[in-house]
Amino acid sequence: MILISSICLAGCGPDWSGKFEGKLSQTGTCSDGSSVPASTTAVSLTLKDDGDTVTWEAPCGATAIANVDGDVANVRQYSCPAQTQTDGTTIATTVTDGKLTLNDNILEVEFDLSLSLSGTITGTCDVVAEGSLNRLAE
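Quick note on the numbering used here: the sequence shown kicks off at 232 and runs consecutively.
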């Protein structure tokens, strides 16, 4: 009985692996005092449970890593490749912080982003993206 309990303590945590889909709402403010227009984006994340960390490929192609502590994973900072918009503005996005909370088959997501704009429009914006994603059946 003690052996089974010990094994369970070491390896019976939440199952982070899987594909999650849903929508994230985004809001924020910029260095010039303007607001980032509220928007909603459909998101699909395929998480890989690596034990102490969870990894996934961010929509921008960067590899994202979060440190797991039970049913919460704290997102490490990562940057996306800069993208130039049709108006000539280049946007460099950095995820500065974030948290994933796993509740059965629901993944609560919060990302803090910093946007650096150059070109036609210059400045910085701080954005929060948050929402719930549902685990898809395998």
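C-beta: ideal position from N, C-alpha, C; glycine also.
DSSP on Ile337, reduced to helix/strand/coil?
Strand.
Nearest to Gln314 by alpha carbon, out of Leu348, Asn336 and Thr327?
Closest option to Gln314, Cα to Cα, is Leu348.
Are the CB atoms of Ala360 and Phe342 within a distance shorter than 8 Å?
For Phe342 and Ala360, yes; Cβs fall inside 8 Å.
Does the Cβ-Cβ distance between Val370 and Leu331 come in under 8 Å?
No answer is possible for residue 370: it lies beyond the span of the chain, which begins at 232 and ends at 369.
Mind checking whether Ile322 and Leu344 have CB atoms under 8 Å apart?
No, the Cβ-Cβ distance between Ile322 and Leu344 is not below 8 Å.
Can you tell me where the beta strand (DSSP E) holding Pro268 begins and where it ends?
Per DSSP, Pro268 belongs to the beta strand (DSSP E) from Ser266 to Asp280.
Could you please give me the residues that DSSP links to Gly253 through a beta bridge?
According to DSSP, Gly253 bridges with Val274 and Leu364.
Going by DSSP in three states, Thr325 sits in which element: helix, strand or coil?
Three-state result, Thr325: strand.
Ser310 and Thr320: beta carbons closer than 8 Å?
Contact: no.
Counting Cβ pairs closer than 8 Å, one from the region 280-299 and one from the region 262-271, do we hit at least three?
Counting Cβ pairs under 8 Å, fewer than three are found: no touch.
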